[in-house]
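Inspection log for the structure reproduced underneath, given as structure tokens.
There are 2 protein chains.
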Amino acid sequence: MNQELPVPGLNEVTLSEALKALADNGRRAVILDLMSRSPEEHPCSSFDLPKAKSTRTHHWRVLREAGLVTQREVGNGSFVRLRKDEFEARFPGLLQSIRQADMNGA
Amino acid sequence: MNQELPVPGLNEVTLSEALKALADNGRRAVILDLMSRSPEEHPCSSFDLPKAKSTRTHHWRVLREAGLVTQREVGNGSFVRLRKDEFEARFPGLLQSIRQADMNGA
DNA sequence: ACAGAGGTACGGTAAACATCGTACCACGAA
DNA sequence: TTCGTGGTACGATGTTTACCGTACCTCTGT
Numbered sequence: 001m002n003q004e005l006p007v008p009g010l011n012e013v014t015l016s017e018a019l020k021a022l023a024d025n026g027r028r029a030v031i032l033d034l035m036s037r038s039p040e041e042h043p044c045s046s047f048d049l050p051k052a053k054s055t056r057t058h059h060w061r062v063l064r065e066a067g068l069v070t071q072r073e074v075g076n077g078s079f080v081r082l083r084k085d086e087f088e089a090r091f092p093g094l095l096q097s098i099r100q101a102d103m104n105g106a
Numbered sequence: 001m002n003q004e005l006p007v008p009g010l011n012e013v014t015l016s017e018a019l020k021a022l023a024d025n026g027r028r029a030v031i032l033d034l035m036s037r038s039p040e041e042h043p044c045s046s047f048d049l050p051k052a053k054s055t056r057t058h059h060w061r062v063l064r065e066a067g068l069v070t071q072r073e074v075g076n077g078s079f080v081r082l083r084k085d086e087f088e089a090r091f092p093g094l095l096q097s098i099r100q101a102d103m104n105g106a
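Taken in sequence, the protein lines are chains R and H. Every letter in the first sequence is one number past the one before it in UniProt numbering, and letter 69, counting from 1, is 69. Every letter in the second sequence is one number past the one before it in UniProt numbering, and letter 49, counting from 1, is 49.
Right, dumping it as structure tokens:
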């Protein structure tokens, strides 16, 4: 099995959706972690998201639907990739400002 | 009567609070409107927030508690002011990126 | 063949949130 | 003094959301 989960085009993603997705501490932490890694995909299991499995699934879906990540199922596990350039084109500077605020201790 | 409503210091405001406050369409519209005006205070009644009075009160409180505005009660009406510089110091670039995304039609 | 790891889907629960109506308050104008 | 305007506070309601357990799936390693 090798299934790319459906994601919206970035033009269909609203600013409200993006902000809501990033407002959650756990989800934002995951995105910040992704930003600090190489641009390729990474195993979902490699992120620190100390919640029940089904809750993690939920959070990945929210991030997908907000246009922040793509996700590929490999049966055994799944992998996520930050949609860095697309997201940046749609919401210029947003991820950077969030990273900056995080570094400032917010 | 002339009462300045209490607001948190910007250092006590979390990024989650700020993002949640800005994720709401109506509240974000008000902030964008404020950004386009002169830096002084403006009457609450001068903003387009087509909701019940008690709902508007609620939204202003959320914006206050997220460190985005100060509010002064004058008995007759009330006035809000964008905490532009303070917010910018705490969350650099955030308001700008939101304005940019808004101008891009998000 | 079977167990374990990493997931999804579904159903339920509790908390948070947006919204409203009502009652009430302060001021300005007729 | 009475009315209209622009608010706040409180209580209620419906929806969204975060979270979990359970059942089930797929692949890997023994």
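Where is the CB? At the ideal position from N, CA and C, for every residue including glycine.
Check	Outcome
Cα-Cα separation, R:Val62 to R:Ala21	6 Å
Residue environment, H:Arg64, which counts as buried when at least 16 other CB atoms sit within 10 Å	buried
Interface flag, R:Ala29 vs chain H, CB-CB below 7 Å	no
Below-7 Å beta-carbon distance, R:Ala66 vs any chain H residue	no
Chain-ordered residues of the stretch 86-104 of chain H with a beta carbon less than 8 Å from chain R	Arg90, Phe91, Pro92, Gly93, Leu94, Gln96, Ser97, Ile98, Gln100, Ala101, Asp102, Asn104
Length at least 4, wholly inside the UniProt domain "HTH arsR-type" (7-102) of chain H: the alpha helix (DSSP H) runs in chain order	15-23, 25-35, 53-65, 84-90
Beta-carbon gap between H:Gly67 and H:Phe87 smaller than 7 Å	yes
Neighbouring residues, chain R, relative to H:Thr14 (Cβ below 8 Å)	Ala106
Any chain H beta carbon closer than 7 Å to R:Leu22	yes
Neighbour list for residue 107 of chain H in chain R, Cβ cutoff strictly below 7 Å	Outside the displayed range of chain H (1 to 106) lies residue 107 of chain H, so it cannot be described from this structure.
Sequence-distant residues of its chain with Cβ nearer than 7 Å to H:Arg81 (five each side left out)	Glu40, Glu41, Val69, Thr70
Beta-carbon proximity of H:Ser36 to R:Ser97, cut-off 7 Å	no
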